[in-house]
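Student: One structure is given below, represented as structure tokens, and several questions about it will come after.
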Amino acid sequence: MNRLNLIIGLFLIASTFSCSRSKLREISLNCGCVVTEHFIASTNEIENSTKKYTFKNSKLFDLGVSKDGFANSFSLQIFNLIDESEKFDLIEIDIVKEEDEEILSKKTYTYELKDLKNKLSKYLDLELFVSQFVENIYNKDYSSCLEYIEFENKEDFKSIIDKVYDGLNKNYRETRIVDYKVDNDGYSIFGIIKSKSDQLDLFTMELKGVDDEFEIISFDF
267 MNRLNLIIGL FLIASTFSCS RSKLREISLN CGCVVTEHFI ASTNEIENST
317 KKYTFKNSKL FDLGVSKDGF ANSFSLQIFN LIDESEKFDL IEIDIVKEED
367 EEILSKKTYT YELKDLKNKL SKYLDLELFV SQFVENIYNK DYSSCLEYIE
417 FENKEDFKSI IDKVYDGLNK NYRETRIVDY KVDNDGYSIF GIIKSKSDQL
467 DLFTMELKGV DDEFEIISFD F
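Here the sequence shown stands for residues 267 to 487, where the numbers follow the numbering used here.
Below you can see the structure in the form of structure tokens.
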């Protein structure tokens with residue numbers, strides 16, 4: 267079981283338009299790192315205004331989370347928190363590795379808000395689907411779990427779910443997606459299971475879309 271015990275310092279940079287402190291704190295807890303934000307206004311050279319979010323020294327990458335999928339997921343999480351009154355065109359995600367105040371690496375991803383708007387509904391539907399599966403594991407509701415995945419031997423499946431349950435933090439709070447990739451009707455994710463003490467368990471899952479629904483192909487907790 268991949269697990270993170272988080273002690274996170276939250277760092278906020280004030281800007282004209284800003285996520286509330288509690289919302290940005292939630293993003294920070296989900297990614298396991300310090301998150302900062304600031305607003306880049308339009309200039310003579312650049313017409314589109316941009317909200318930049320910097321994610322610094324996330325431990326998730328040490329556990330196999332990809333930067334591409336991480337940026338995809340958190341751009342959508344951020345978009346979901348943005349107030350309709352906020353006026354900007356782009357979200358920029360900077361993934362930074364820093365040591366002794368020296369930047370060792372930085373990768374930048376840029377997303378148009380209109381594209382994120384089109385993708386958000388499917389992302390939230392998938393996150394809800396996965397969350398319900400995890401909740402069924404915590405409840406040891408084997409029959410409901412089987413509705414999410416094709417598995418012929420019910421006794422073997424029950425044994426697998428029991429082993430997953432035994433390895434999880436208890437005092438379940440919620441499930442979130444931290445690495446999100448889409449390939450036609452296929453989905454590849456890293457998820458985190460958060461306890462009420464903000465400990466994180468990580469898992470991977472492959473899914474496919476079937477008639478506007480989802481079906482789990484494989485999972486690894």
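Ideal placement from N, C-alpha and C gives every residue a C-beta, glycine not left out.
Check this for me: beta carbons of I344 and Y319, under 8 Å apart or not?
Tutor: Numbered from 1 along the sequence shown, position 78 holds the residue referred to as residue 344. Numbered from 1 along the sequence shown, position 53 holds the residue referred to as residue 319. The answer is yes: Cβ separation under 8 Å.
Student: Between the alpha carbons of Y389 and S461, how many angstroms are there, rounded?
Tutor: The residue labelled residue 389 in the question sits at position 123 within the sequence shown. The residue labelled residue 461 in the question sits at position 195 within the sequence shown. Distance between the alpha carbons of Y389 and S461 is about 22 Å.
Student: If contact is defined by three or more beta carbon pairs under 8 Å, each pair taking one atom from either stretch, is the stretch 388-404 in contact with the stretch 432-446?
Tutor: Segments in contact, yes.
Student: In angstroms with no decimal places, state the Cα-to-Cα distance between L290 and S387.
Tutor: Stepping through the sequence shown from its first residue, residue 290 is reached at position 24. Stepping through the sequence shown from its first residue, residue 387 is reached at position 121. Each residue's alpha carbon lies about 21 Å from the other.
Student: Write down the C-beta distance between N435 and D467 rounded to the nearest angstrom, noting that I regard them as a contact closer than 8 Å.
Tutor: For this step, residue 435 is matched to residue 169 along the sequence shown. For this step, residue 467 is matched to residue 201 along the sequence shown. Between D467 and N435 the Cβ distance is about 6 Å, and since that is below 8 Å, they are a contact.
Student: Relative to the C-alpha of E481, which residue among S332, Y414, D328 and F336 is closest?
Tutor: Here residue 481 corresponds to residue number 215 of the sequence shown, with the count starting at 1. The option with the nearest alpha carbon to E481 is Y414.
Student: Just curious, the beta strand (DSSP E) that L468 is in, first and last residue?
Tutor: Reading the sequence shown from its first residue, position 202 is the one you call residue 468. Note, L468: beta strand (DSSP E), L466 to V476.
Student: Provide the residue(s) that pair with R442 in DSSP beta bridges, ordered along the chain.
Tutor: Along the sequence shown, one-based indexing puts residue 442 at 176. According to DSSP, which records beta bridges pairwise, R442 is partnered with I458.
Student: So within the stretch 330-417, which uninterrupted alpha helix (DSSP H) runs reach at least 4 residues, ignoring any that extend past its ends?
Tutor: Taking only runs of at least 4 residues, the alpha helix (DSSP H) segments lying wholly in the stretch 330-417 are 333-347, 379-404 and 408-412.
Student: A502 and I359 look like a contact to me (Cβ under 8 Å); what is the Cβ gap, rounded to whole Å?
Tutor: Missing from the structure shown is residue 502; the chain here goes from 267 to 487 and no further.
Student: Starting from S425, trace the alpha helix (DSSP H) both ways and give me its first and last residue.
Tutor: Within the sequence shown, numbered from 1, the residue matching residue 425 stands at position 159. Element bounds for S425: K420 to G433.
Student: Once the 5 residues before and after E416 are set aside, which same chain residues still bring their CB inside 8 Å of it?
Tutor: Working through the sequence shown from its first residue, we reach residue 416 at position 150. Here the set comprises E481.
Student: Going along the chain, which residues of its own chain have a beta-carbon closer than 6 Å to the beta-carbon of I361, five neighbours each way excluded?
Tutor: Sequence index remark: in the sequence shown, residue 361 carries index 95 (1-based). So the qualifying residues of the chain are F321, K333 and K373.
Student: Along the beta strand (DSSP E) that carries S324, what are the first and last residues, could you check?
Tutor: Start at 1 with the first residue of the sequence shown, and residue 324 comes out as number 58. From DSSP, S324 is part of no beta strand (DSSP E); its letter is neither H nor E.
Student: Less than 8 Å separating the beta-carbons of Y431 and K406?
Tutor: Looking up residue 431 in the sequence shown gives position 165. Looking up residue 406 in the sequence shown gives position 140. It is a contact, given that the beta carbons lie within the stated cut-off.
Student: For D445, which residues from the same chain have a beta carbon less than 7 Å from its beta carbon, with the 5 sequence-adjacent residues on both sides left out?
Tutor: Working through the sequence shown from its first residue, we reach residue 445 at position 179. Within the same chain, D445 has close Cβ partners V331, S332, G335, F336, S339, I455 and F456.
Student: Restricting to Cα atoms, I'd like to know which of D451, F487 and T470 is closest to V476.
Tutor: In the sequence shown, residue 476 corresponds to position 210, counting from 1. Looking at the Cα atoms, D451 is the closest of the given residues.
Student: Can you give the Cα-Cα distance for K380 and I357, rounded to whole angstroms?
Tutor: For the purposes of this step, residue 380 is taken as residue 114 along the sequence shown, with counting starting at 1. For the purposes of this step, residue 357 is taken as residue 91 along the sequence shown, with counting starting at 1. In a straight line, the C-alpha of K380 is about 11 Å away from that of I357.
Student: For L272 and E292, I'd like the C-alpha separation in whole angstroms.
Tutor: Reading the sequence shown from its first residue, position 6 is the one you call residue 272. Reading the sequence shown from its first residue, position 26 is the one you call residue 292. With a pLDDT of 42 at L272, under the threshold of 50, the modelled position of that residue is not reliable, and the figure given next carries that caveat. Rounded to whole angstroms, L272 to E292 spans 12 Å at the Cα level.
Student: Based on Cα-Cα distance, which residue from I403, Y453, F305 and I427 lies nearest to K474?
Tutor: Against the sequence shown, residue 474 aligns to sequence position 208. If we check each option's Cα against that of K474, Y453 comes out closest.
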